[in-house]
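S.K.: If you want our numbering, it's the position in the sequence shown, counting the first as 1, plus 21.
Glycine included, each C-beta is placed from N, C-alpha and C at the ideal position.
First, the structure itself, so that you have it in front of you.
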Amino acid sequence: MEKIRLGRTEMMVSRLGFGGIPIQRVSEDEAVAVVKRCLELGVTFIDTANAYTTSERRIGKAISGRREGLILATKSGARTRAELESHLKLSLKQLGVEYIDLYQFHNVSDADALKAILAPNGPMGLVTEAKKAGVVKHIGVTSHSMDMAKELVKTDRFETIMFPFNFITCESADELLPLAREHDVGFIAMKPLAGGLIDNVAIAFKYLLQFPDVVSIPGIEKGHEIEEIVSILGEPHTMTAAEQAEMERLIQEMGKKFCRRCDYCQPCTEEIPISLVMNISSWVKRMPPERIFSGSIAESMDKAANCSKCGECEERCPYGLPIMELMEEHANWYQAEKKKHAAQSA
Ligand code: SF4
Ligand code: SF4
């Protein structure tokens with residue numbers, strides 16, 4: 022597998038990485054087997070997060086005894102030093118490693134989050150100390166907000182940026198990627214298949230492969246998924262005229278339905294977490310049912326019924342999404358899935 026330089030980290034990583042969200046859904050044995058299959062196929066960049074329940078532990082089991090040559094990335098959503106300290110300790114323990122190659126601040130999507138991270142004696146101080154001690158090799162950040170992502174790159178405090186990038190959410194090509202290159206910040210593309218919305222894997226990866234310095238991290242649940250993507254990497258990367266036409270058609274069809282999770286539509290007058298509701302089918306595909314159909318996600322989904330149809334969110338969405346209509350569709354679909362799940366579990 023081709024390796025590329027991940028910005029100023031100077032780390033060489035496989036061009037195709039492993040996204041660790043979906044392995045939470047399968048049995049531990051299946052999860053371990055799929056990570057091992059990725060390693061066999063030459064994937065050396067593995068991304069997970071403290072928040073992905075069993076993901077770190079399962080990855081730790083799969084890489085046990087074969088740490089060398091792997092670039093392990095994980096992340097924490099902590100915004101205080103104490104919380105981050107406990108997250109970092111837990112990640113090291115769950116992964117079963119003595120150091121983490123890339124430690125990322127998870128989902129920094131507004132100015133308050135950045136301020137908290139960079140506060141004197143705050144989380145950045147702790148990660149910097151961990152870096153000096155060799156426990157963390159490099160420091161990165163992830164975001165869903167384009168404005169914020171650009172701010173994060175410009176701070177020059179982060180060595181990598183992870184941002185959604187696919188042929189539908191393609192704003193990075195003109196906006197974020199050139200800036201990241203200018204600052205020599207490594208670019209990691211999350212959601213290369215738009216969170217499961219894009220079925221045409223060949224077109225999705227041929228689109229991304231035109232950017233030679235972008236590492237993509239598709240979420241992988243089954244061995245055949247990674248095998249299919251790896252086979253595309255081995256083919257000529259240029260799209261045929263028919264593939265180009267199909268991509269244009271898909272952009273037209275899906276572009277007005279796909280929520281980028283940027284949260285520019287907020288604040289909702291009824292405090293509905295709009296982007297969560299709009300992306301629920303992607304979560305259902307990737308997360309364990311017990312996390313999706315109960316607890317905080319279920320509570321958030323119930324809030325969708327409170328929409329007063331004030332329309333303020335639609336005025337703010339830069340992509341012109343018909344939020345009210347789409348939210349109703351997603352909420353109805355979710356409630357039907359929840360009923361099905363309850364019936365199966367009874
Ligand atoms: S239309 Fe509904 S979702 Fe949008 S801001 Fe108003 S209440 Fe919130
Ligand atoms: S609905 Fe529009 S503004 Fe809101 S998160 Fe999605 S893409 Fe962003």
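Just the Cα atoms here: how many angstroms apart are LEU147 and GLY155?
M.R.: Residue mapping note: residue 147 aligns to position 126 of the sequence shown, counting from 1. Residue mapping note: residue 155 aligns to position 134 of the sequence shown, counting from 1. Answer to the nearest angstrom: the Cα atoms are 12 Å apart.
S.K.: Per DSSP, what kind of secondary structure is THR95 in: helix, strand or coil?
M.R.: For the purposes of this step, residue 95 is taken as residue 74 along the sequence shown, with counting starting at 1. Here THR95 sits in strand by DSSP.
S.K.: Skipping 5 residues on each side, what residues in its chain have a beta carbon closer than 6 Å to that of GLY240?
M.R.: By 1-based counting over the sequence shown, the position of residue 240 is 219. Only GLY40, ILE42, PRO43 and ARG307 meet the Cβ criterion.
S.K.: On the criterion of 16 or more Cβ atoms from any shown chain inside 10 Å, does GLU248 qualify as buried, or is it exposed?
M.R.: On the sequence shown, position 227 is the one that residue 248 refers to. Flag for GLU248 reads exposed.
S.K.: Where does THR259 sit, in a helix, a strand or coil, going by DSSP?
M.R.: Working through the sequence shown from its first residue, we reach residue 259 at position 238. THR259: coil per DSSP, three-state reduction.
S.K.: Quick test of your reading: PHE126 and VAL162, contact by CB under 8 Å. State the CB separation rounded to the nearest angstrom.
M.R.: As a first step, residue 126 must be located in the sequence shown, where it is residue number 105. As a first step, residue 162 must be located in the sequence shown, where it is residue number 141. Right, their Cβ atoms sit about 5 Å apart.
S.K.: Over the uninterrupted alpha helix (DSSP H) stretch that includes ASP220, give me the two end residues.
M.R.: For the purposes of this step, residue 220 is taken as the residue at position 199 of the sequence shown. No alpha helix (DSSP H) contains ASP220, which DSSP labels as neither H nor E.
S.K.: Count the other CB atoms, across all protein chains shown, that sit within 10 Å of the CB of GLN273; report buried if there are 16 or more and exposed otherwise.
M.R.: The count along the sequence shown starts at 1 and reaches residue 273 at position 252. That one is exposed.
S.K.: From what residue to what residue does the beta strand (DSSP E) around VAL157 run?
M.R.: In the sequence shown, the residue the question calls residue 157 occupies position 136. Start and end: 157-163.
S.K.: Determine whether the beta carbon atoms of VAL129 and LEU135 lie at a separation below 8 Å.
M.R.: Residue 129 sits at position 108 when you count from the first residue of the sequence shown. Residue 135 sits at position 114 when you count from the first residue of the sequence shown. Against a cut-off of 8 Å, the Cβ pair of LEU135 and VAL129 comes out as a contact.
S.K.: Determine whether the beta carbon atoms of VAL236 and ILE25 lie at a separation below 8 Å.
M.R.: Sequence index remark: in the sequence shown, residue 236 carries index 215 (1-based). Sequence index remark: in the sequence shown, residue 25 carries index 4 (1-based). In contact: VAL236 and ILE25 (Cβ atoms closer than 8 Å).
S.K.: Can you list, in chain order, the residues of its chain whose CB lies under 7 Å from that of MET167, leaving out five sequence neighbours each side?
M.R.: On the sequence shown, position 146 is the one that residue 167 refers to. If we look at MET167 and ignore the five residues flanking it on each side, its Cβ neighbours are GLU192, GLU196, LEU197 and CYS283.
S.K.: May I ask you to check if the CB of LYS342 is nearer than 7 Å to at least one heavy atom of ligand 2?
M.R.: By 1-based counting over the sequence shown, the position of residue 342 is 321. A small correction: the amino acid at residue 342 is Leu; Lys does not occupy that position in the sequence shown. Yes; taking the cut-off as 7 Å, the Cβ of LEU342 has a heavy atom of ligand 2 nearer than that.
S.K.: Are the Cβ atoms of ILE318 and HIS351 separated by less than 8 Å?
M.R.: Taking the sequence shown and counting its residues from 1, the one referred to as residue 318 is at position 297. Taking the sequence shown and counting its residues from 1, the one referred to as residue 351 is at position 330. Against a cut-off of 8 Å, the Cβ pair of HIS351 and ILE318 comes out as no contact.
S.K.: State buried or exposed for HIS245, treating a residue as buried only when at least 16 other CB atoms are found within 10 Å of its CB.
M.R.: Within the sequence shown, residue 245 is the residue found at index 224, counting from 1. So HIS245 ends up on the exposed side.
S.K.: Could you give the first and the last residue of the continuous beta strand (DSSP E) run that contains TYR124?
M.R.: Stepping through the sequence shown from its first residue, residue 124 is reached at position 103. Unbroken beta strand (DSSP E) run through TYR124: 121-126.
S.K.: What residues in its chain sit with their C-beta under 7 Å from that of SER112, if we drop five residues either side in the sequence?
M.R.: As a first step, residue 112 is located in the sequence shown; it is residue number 91 there, counting from the start. Result list for SER112: ASN71, GLU77, THR95 and ILE121, in chain order.
S.K.: Return the first residue and the last residue of the alpha helix (DSSP H) that ALA210 is part of.
M.R.: Against the sequence shown, residue 210 aligns to sequence position 189. From DSSP, ALA210 is part of no alpha helix (DSSP H) but of the beta strand (DSSP E) over 207-211.
S.K.: Check whether the Cβ of HIS258 lies closer than 8 Å to any Cβ atom in chain B.
M.R.: Absent here is chain B; the protein component of the structure consists of one chain.
S.K.: Taking the alpha helix (DSSP H) that ASP177 falls in, what are its first and last residues?
M.R.: Looking up residue 177 in the sequence shown gives position 156. From DSSP, ASP177 is part of no alpha helix (DSSP H); its letter is neither H nor E.
S.K.: Name the one or two DSSP bridge partners that LYS324 has.
M.R.: In the sequence shown, the residue the question calls residue 324 occupies position 303. Beta-bridge pairing links LYS324 to no other residue.
S.K.: May I ask which residues mark the beginning and end of the alpha helix (DSSP H) holding GLY81?
M.R.: The residue you call residue 81 lines up with position 60 of the sequence shown. 76-84 is the span of the alpha helix (DSSP H), which, as asked, contains GLY81.
S.K.: Taking all protein chains shown into account, do 16 or more other C-beta atoms lie within 10 angstroms of the C-beta of LYS212, making it buried, or fewer, making it exposed?
M.R.: Taking the sequence shown and counting its residues from 1, the one referred to as residue 212 is at position 191. So LYS212 counts as buried.
S.K.: Compare the Cα-Cα distances from ILE80 to each of GLN115, LEU105 and GLU89 and report the closest residue.
M.R.: Locating residue 80 in the sequence shown gives position 59, where the first residue counts as 1. Checked all of GLN115, LEU105 and GLU89; the closest Cα to ILE80 is GLN115.
S.K.: For MET348, which residues in the same chain have their Cβ closer than 8 Å to its Cβ, ignoring the five residues on either side in sequence?
M.R.: As a working note, residue 348 is residue 327 in the sequence shown. If we look at MET348 and ignore the five residues flanking it on each side, its Cβ neighbours are ILE293, ILE295, VAL298, MET299, ALA325 and CYS328.
S.K.: Assuming LEU37 and LEU214 are in contact, meaning their beta carbons sit under 8 Å apart, how far apart are those beta carbons, in whole angstroms?
M.R.: Counting from 1 along the sequence shown, the entry for residue 37 is found at position 16. Counting from 1 along the sequence shown, the entry for residue 214 is found at position 193. About 12 Å; that fails the 8 Å criterion.
S.K.: In three-state terms, what does DSSP make of MET32?
M.R.: Here residue 32 refers to the residue found at position 11 when the sequence shown is read from its first residue. MET32: coil per DSSP, three-state reduction.
S.K.: According to DSSP, is PRO185 helix, strand or coil?
M.R.: Stepping through the sequence shown from its first residue, residue 185 is reached at position 164. Reduced to three states, the DSSP call for PRO185 is strand.
S.K.: Can you check which of these residues, THR30, VAL47, ALA210 and ALA151, is closest to THR74 by C-alpha distance?
M.R.: Mapped onto the sequence shown, residue 74 falls at position 53. Of the listed residues, the one whose Cα sits closest to THR74 is VAL47.
S.K.: Report the residue from ILE182, PHE188 and ILE189 whose alpha carbon sits nearest the alpha carbon of PRO199.
M.R.: Along the sequence shown, one-based indexing puts residue 199 at 178. Closest by alpha carbon: ILE182.
S.K.: In three-state terms, what does DSSP make of ARG270?
M.R.: For the purposes of this step, residue 270 is identified with residue 249 of the sequence shown, where counting begins at 1. Here ARG270 sits in helix by DSSP.
S.K.: Could you give the distance in angstroms between the alpha-carbon of LYS153 and the alpha-carbon of ALA170?
M.R.: Here residue 153 refers to the residue found at position 132 when the sequence shown is read from its first residue. Here residue 170 refers to the residue found at position 149 when the sequence shown is read from its first residue. Approximately 25 Å between the Cα atoms of the pair.
S.K.: Any idea which residues DSSP pairs ARG26 with across the strands?
M.R.: The residue given as residue 26 occupies position 5 in the sequence shown. For ARG26, which the question treats as bridged, DSSP gives the partners MET33.
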